[in-house]
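Colleague: Pasting a structure below so you can have a look.
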Amino acid sequence: MTSKKLPIGTAVIFGFFLLVMAATYMLTKPPERPAELKGVLRPDFRLLQPFKLTDHNNQLFDEKRLLGKWNFVFFGYTSCPDVCPATLYVLSAVHGLLVDETGGTPDDMQVIFISVDPARDSTEKLADYVTYFNKDFIGMTADKTEIDKLARQFGAGYIFEEESSAGVYNVAHTSAIFLVDPYGRLAASFSQPHQPATIVSQYKKIRTYFSWD
């Protein structure tokens, strides 16, 4: 039995189609992730769904206010005895290192602290708390339902512990710092231990990876 051969014209068209497909793949496939960013970059860059929070100036903060900026996001609460103040000191140091490099406050980044304890964290309390660490930081709150929805998008968990006395309790929460890119996508997360110089180095590599610089 003899095998049928494709007509020359058909073979040429088919070969050209394969070349186009290969070229398209090479042009659109993401660049190799730098070794330093493995475990930092998210496996997929998920666009955050709409949300509505209130910042410490009592202004609406929704997903649109993330656009055009690199956003360092941390979930915590103002009564936190250890992790939150330590992390905000780290973020203040990160901010300071970037200021030293650029000669001024970076206008394409912002640091956001989202309270998971809205019952105790009023906007006034958040204003005093976050600006103690850095005047440019933004504190956020909302009702618990809205915070729960947003925390799930980040994969940020938290659990209220038993009260030691009336109104006195701790909240066990995720200690990661999240990074949202200027398109509103969850791009990366920085796990403990947090070292300011390491975060700055990884942040700069992430910007390069996304061809932002």
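Under my numbering, think of the first position of the sequence shown as 67, with each following residue one higher. C-beta atoms are modelled at their ideal positions from N, C-alpha and C, and glycine is treated no differently.
1) If we ignore side chains and look at the alpha-carbon of each, how far apart do Phe127 and Glu102 end up?
2) At what residues does the beta strand (DSSP E) containing Arg131 begin and finish?
3) Mapping DSSP to helix, strand and coil, what is His239?
4) Quick check on the DSSP output: the beta strand (DSSP E) that includes Arg218 runs from which residue to which?
5) Enumerate in chain order the residues of its own chain whose CB-to-CB distance from Cys150 is below 6 Å, with the five nearest sequence positions on each side excluded.
6) Tell me which residue opens and which closes the alpha helix (DSSP H) that Val160 is part of.
7) Taking the C-alpha atoms as reference points, what is the distance between Asp174 and Gln268?
8) Between which two residues does the beta strand (DSSP E) harbouring Gln176 extend?
9) Does the distance from the C-beta atom of Phe179 to that of Gly221 stay below 8 Å?
10) Can you give me the C-alpha to C-alpha distance between Val86 and Thr197, rounded to a whole angstrom?
11) Quick one: any contact between the stretch 249-256 and the stretch 107-120, if contact means 3 or more CB pairs under 8 Å?
12) So, is Thr144 buried or exposed, given that buried needs 16 or more other C-beta atoms within 10 angstroms?
13) Using 10 angstroms around the beta-carbon of Ser280, count the other beta-carbons present and answer buried if the total reaches 16, otherwise exposed.
14) Suppose contacts are defined by Cβ-Cβ distances below 8 Å. Is Thr189 in contact with Thr120 by that definition?
15) For Ala232, which three-state DSSP category applies?
16) Measuring only the C-alpha atoms, how far is Ile213 from Thr207?
17) In the structure shown, what three-state DSSP assignment does Thr94 receive?
Modeller: Taking the coordinates as given:
1) Rounded to whole angstroms, Phe127 to Glu102 spans 32 Å at the Cα level.
2) No beta strand (DSSP E) contains Arg131, which DSSP labels as neither H nor E.
3) In this structure, His239 counts as strand in the three-state DSSP scheme.
4) Counted as a single uninterrupted DSSP element, the stretch harbouring Arg218 is not any beta strand (DSSP E) but the alpha helix (DSSP H) occupying residues Lys210 to Phe220.
5) Correct list, in chain order: Gly142.
6) Segment Val149 to Thr168, the alpha helix (DSSP H) holding Val160.
7) C-alpha separation (whole angstroms): 16 Å.
8) Residues Met175 to Ser181.
9) Judged by their CB atoms, Phe179 and Gly221 are not nearer to each other than the 8 Å cut-off.
10) Unreliable placement is indicated for Val86, whose pLDDT of 45 sits below 50; the coordinate value is still reported in the next sentence. Approximately 54 Å, taken between the alpha carbons.
11) As far as the Cβ criterion goes, the stretch 249-256 touches the stretch 107-120, which means the pair count is three or higher.
12) The residue in question, Thr144, is buried, as its Cβ has 16 or more Cβ neighbours within 10 Å.
13) Lying before the first or after the last residue shown, residue 280 is absent from the chain, which here runs from 67 to 279.
14) Closer than 8 Å, so yes.
15) Reduced to three states, the DSSP call for Ala232 is coil.
16) So the alpha carbons of these two residues sit roughly 8 Å apart.
17) With a pLDDT of 39 at Thr94, under the threshold of 50, the predicted position of this residue should be treated as unreliable, and no value is reported.
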